[in-house]
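Trainee:
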């Protein structure tokens, strides 16, 4: 069998072949994740955990990031509980770009109205003051900011104005909007499914990340209408239900954990992922989105 | 309809809404592509154009890059013409990572042998001397190299040793191998379908890029066996035929073109894509893989 290496945080598989005994195997980012202690993991707050069930048994768990977009996220929680998404669908899949869902143009008319207490034109919330940063190791420069790293266990980019934005990486969830910055209330969301997502940084409200079920968004048929919208002859994918985990009985809540950026395990992971030596030439650095924060279900 | 912006080079769609007359629309990368003159485009050599037909009408066109991996590419052409891939399949789809095909482990036994003149252990060909570079605009630093840009109309990264490698971006095609660098003859190939692909730079032989049909590789069901291999209960996707375009009568060859990196249109595109101002905040730079070389079918 011919192998090629695997993204550490997305698959924690065994390394391809044992090294000969005289030459001990070099450690990989997966080894750092496997060696993490229980205290190195942070429980995801069930009040910030959205559980989507799309048609066909497609379960997608999304963690919200209220540290970055509180008004948008307050809106989204109200929308989830209101029934506004009763007829919501996945209606757009643009290759190497986004999968988008919610109450789209066609669904708006037959959807229950937005709840009255939703802020229909929230401020942009594209960045916030810097706080509690962990910076990428040396070599890992960032073409989209002055400095990239992590805050509140999320990937962030810091700018010359001292503010940081939640970075748009693979699996980041954002709020769709019209041409004006304050036109995205939260009734239509998108997840990044390709490369090149970072250019949305500070242009759209990033509100969360997919913790599991990403393949249910990334492997969908691409839309054939302009901009990757589903054409009339393509079947949109209905949203069957969506819950906030904290609204479920405690025993029914899935318990996700993300690695704490302040942990020794994360420092180890970050160093190994940025300066890989476990195969071939290794690398002199890594892009921010190339070192995703490790995620797991609590054991 | 709520919109979000689109990768310029992957979709050349109209911009979302006309600007009001008093405030002329700011130009986007798509505008630079649309304004390119016929001389700004380079025909893809049909001798370097592979036409794959996978089961289910999935056509995928791949341009080879002999400037970077001549021995591997000579191998691949021999394999294409030999019938070695008679039983080849797509047998691995790892989310946010790769789709891989060829004569895999299960197909090797019942495949015609590799042609005798294939170099079974070609040298690694992971980099080459720098030549004819176009560098990314200011601000576009690269975490994986000293300097990133383009050579021979391909994305490249230059290193402290003065050598450049063909960069692994979305849609880049590489040669799968075992743990040793010289174990990839070319009978198993992969295409990058996610973010974070750059860490393969100088670790695997990059041999080409997908010019069209990328969605037939990126939207496939993900493999459920370890490392994203298809499990026994998943249907591998047979390769029905593969041709080198120059082996077809001239009238049957699709005529692809890539934008010349030396053209004024490309300089315009590169600047607009790196310092976007056509919506929101724009950006201070761009990642190498965020500015793919524009591709089209000859008009």
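Protein chains in written order, with the working numbering: chain A, 1 to 299; chain B, 1001 to 1299.
From the three backbone atoms N, C-alpha and C, an ideal C-beta is built for every residue, glycine too.
Here the structure is a predicted model, which is why all the values come from computation and not from measurement.
1. Which of the residues in the region 136-152 of chain A, read from start to end, lie with their CB under 9 Å from any CB of chain B?
2. Which value, in whole angstroms, describes the spacing of the CA atoms of residue 201(A) and residue 157(A)?
3. Sort out for me which residues DSSP pairs residue 101(A) with in a bridge.
4. For residue 263(A), which residues from the same chain have a beta carbon less than 6 Å from its beta carbon, with the 5 sequence-adjacent residues on both sides left out?
5. Using a Cβ-Cβ cut-off of less than 9 Å, list which residues of the region 191-217 of chain A approach chain B; keep chain order.
6. Over the uninterrupted beta strand (DSSP E) stretch that includes residue 1206(B), give me the two end residues.
7. Could you tell me whether the region 1253-1269 of chain B touches the region 1105-1120 of chain B, using the rule of 3 or more Cβ pairs below 8 Å?
8. Using only the alpha-carbon positions, how far apart do residue 1128(B) and residue 1151(B) sit?
9. Could you tell me whether the Cβ of residue 220(A) comes closer than 8 Å to any Cβ of chain B?
10. Output yes if chain A places a C-beta closer than 8 Å to the C-beta of residue 1003(B); else output no.
11. Quick check on the burial criterion: 16 or more other C-beta atoms within 10 angstroms. Buried or exposed for residue 1081(B)?
12. Indicate the three-state DSSP secondary structure (helix, strand or coil) for residue 1155(B) in the structure shown.
13. As an exercise, report each continuous beta strand (DSSP E) stretch of at least 3 residues that is fully enclosed by the region 1197-1263 of chain B, in chain order.
14. Quick check on residue 49(A): does DSSP put it in helix, strand or coil?
15. Taking just the CA atoms, how far does residue 1097(B) sit from residue 1198(B)?
16. Using a Cβ-Cβ cut-off of 8 Å, state whether residue 283(A) counts as contacting chain B.
17. Establish whether the CB of residue 237(A) and some CB of chain B are separated by less than 8 Å.
18. Considering just the uninterrupted stretch of the alpha helix (DSSP H) at residue 80(A), what are its terminal residues?
19. Strictly below 9 Å CB to CB, what residues from chain A border residue 1233(B)?
20. Tell me which residues share the same chain as residue 1298(B) and place their Cβ nearer than 8 Å to its Cβ, disregarding the 5 neighbours each side in the sequence.
21. If I measure Cβ to Cβ from residue 306(A) and keep anything under 6 Å in the same chain, skipping five residues before and after, which residues do I get?
22. Could you compute how far the alpha carbon of residue 1114(B) sits from the alpha carbon of residue 1084(B)?
23. Check for me: the alpha helix (DSSP H) holding residue 1032(B) runs from which residue to which?
24. Can a CB atom of chain B be found closer than 8 Å to the CB of residue 290(A)?
25. Against residue 1095(B), what residues of chain A qualify as contacts under a CB-to-CB distance less than 8 Å, listed in chain order?
26. If you measure beta-carbon to beta-carbon, which residues of the region 1246-1258 of chain B are closer than 7 Å to chain A?
27. To which residues of the same chain is residue 124(A) closer than 6 Å at the C-beta, ignoring the five residues directly before and after it?
28. Roughly how many whole angstroms lie between the Cα atoms of residue 74(A) and residue 1225(B)?
29. What residue from 94(A), 90(A), 148(A) has the CA that sits closest to residue 103(A)'s CA?
30. Name the residue from 101(A), 108(A), 153(A) whose alpha carbon lies nearest to the alpha carbon of residue 67(A).
31. Can you give me the start and stop residues for the beta strand (DSSP E) that residue 290(A) sits inside?
32. Identify which residue in 1288(B), 1077(B), 1211(B) has its Cα closest to the Cα of residue 1137(B).
33. Using a Cβ cut-off of 8 Å (strictly closer), state whether residue 170(A) contacts chain B.
34. Which bits of chain B does residue 276(A) rub up against, with CB to CB less than 8 Å?
35. If we define contact as Cβ-Cβ less than 8 Å, is residue 1287(B) a contact residue for chain A?
36. Does the distance from the CB of residue 1141(B) to the CB of residue 1285(B) come in under 8 Å?
Mentor: On the basis of the coordinates in this document:
1. 136, 139, 140, 141, 142, 143, 144, 145, 146, 148
2. Position 201 of the first chain holds residue 201(A). Position 157 of the first chain holds residue 157(A). Their backbone Cα atoms lie some 8 Å apart in a straight line.
3. Residue numbering aside, residue 101(A) sits at position 101 when the first chain is read from its first letter. Answer is 90(A), 189(A).
4. For the purposes of this step, residue 263(A) is taken as the residue at position 263 of the first chain. Contacts found: 40.
5. 192, 193, 194, 195, 196, 197, 198, 199, 200, 201, 202, 203, 204, 214, 215
6. Numbered from its first residue, the second chain carries residue 1206(B) at position 206. Here the beta strand (DSSP E) through residue 1206(B) covers 1206-1212.
7. no
8. Translated into the one-based positions of the second chain, residue 1128(B) becomes position 128. Translated into the one-based positions of the second chain, residue 1151(B) becomes position 151. Rounded to whole angstroms, residue 1128(B) to residue 1151(B) spans 11 Å at the Cα level.
9. Residue 220(A) sits at position 220 when you count from the first residue of the first chain. It does: the Cβ of residue 220(A) has a partner Cβ on chain B nearer than 8 Å.
10. Working through the second chain from its first residue, we reach residue 1003(B) at position 3. Because the pLDDT of residue 1003(B) is 47, which lies under 50, any placement of that residue in the model is unreliable, and the number read from its coordinates should be weighed accordingly. Closer than 8 Å: yes.
11. Position 81 of the second chain, counted from the start, is the residue given in the question as residue 1081(B). So residue 1081(B) counts as exposed.
12. Within the second chain, the letter at position 155 stands for residue 1155(B). In this structure, residue 1155(B) counts as strand in the three-state DSSP scheme.
13. 1206-1212, 1237-1244, 1256-1259
14. Position 49 of the first chain holds residue 49(A). Here residue 49(A) sits in strand by DSSP.
15. Position 198 of the second chain, counting from 1, holds the residue named residue 1198(B). Position 97 of the second chain, counting from 1, holds the residue named residue 1097(B). So the alpha carbons of these two residues sit roughly 11 Å apart.
16. Position 283 of the first chain, counted from the start, is the residue given in the question as residue 283(A). Yes, residue 283(A) lies at the interface with chain B (some Cβ there is under 8 Å from its Cβ).
17. As a working note, residue 237(A) is residue 237 in the first chain. Residue 237(A) does not count as touching chain B.
18. As a first step, residue 80(A) is located in the first chain; it is residue number 80 there, counting from the start. Counting along the chain, the alpha helix (DSSP H) containing residue 80(A) begins and ends at 70-82.
19. The sequence position of residue 1233(B) within the second chain is 233, counting from 1. In chain order: nothing, as chain A lies at least about 16 Å away.
20. As a working note, residue 1298(B) is residue 298 in the second chain. 1041, 1043, 1255, 1256, 1257.
21. Since the first and last residues shown for chain A are 1 and 299, residue 306(A) lies out of range.
22. Numbered from its first residue, the second chain carries residue 1114(B) at position 114. Numbered from its first residue, the second chain carries residue 1084(B) at position 84. Rounded to the nearest angstrom, the two C-alpha atoms are 6 Å apart.
23. One-based indexing of the second chain puts residue 1032(B) at position 32. Element bounds for residue 1032(B): 1029-1034.
24. If you number the first chain from 1, residue 290(A) lands on position 290. Judged by the 8 Å Cβ criterion, residue 290(A) is in contact with chain B.
25. Counting from one through the second chain, the residue named residue 1095(B) turns up at place 95. Simply 10, 214, 215, 218, 219.
26. none
27. Position 124 of the first chain, counting from 1, holds the residue named residue 124(A). Here the set comprises 181.
28. Stepping through the first chain from its first residue, residue 74(A) is reached at position 74. Stepping through the second chain from its first residue, residue 1225(B) is reached at position 225. Distance between the alpha carbons of residue 74(A) and residue 1225(B) is about 39 Å.
29. Position 103 of the first chain, counted from the start, is the residue given in the question as residue 103(A). For residue 103(A), the nearest C-alpha among the options comes from 90(A).
30. Taking the first chain and counting its residues from 1, one reaches residue 67(A) at position 67. Of the listed residues, the one whose Cα sits closest to residue 67(A) is 153(A).
31. To locate residue 290(A), count along the first chain from 1; it is residue 290. Run containing residue 290(A): none; DSSP gives neither H nor E here.
32. Counted from its first residue, the second chain places residue 1137(B) at position 137. Answer by Cα proximity: 1288(B).
33. The residue you call residue 170(A) lines up with position 170 of the first chain. Closer than 8 Å: yes.
34. The residue given as residue 276(A) occupies position 276 in the first chain. By Cβ distance, chain B contributes 1199.
35. If you number the second chain from 1, residue 1287(B) lands on position 287. Cβ-Cβ to chain A under 8 Å: yes for residue 1287(B).
36. The residue you call residue 1141(B) lines up with position 141 of the second chain. The residue you call residue 1285(B) lines up with position 285 of the second chain. Taking 8 Å as the Cβ cut-off, residue 1141(B) and residue 1285(B) qualify as a contacting pair.
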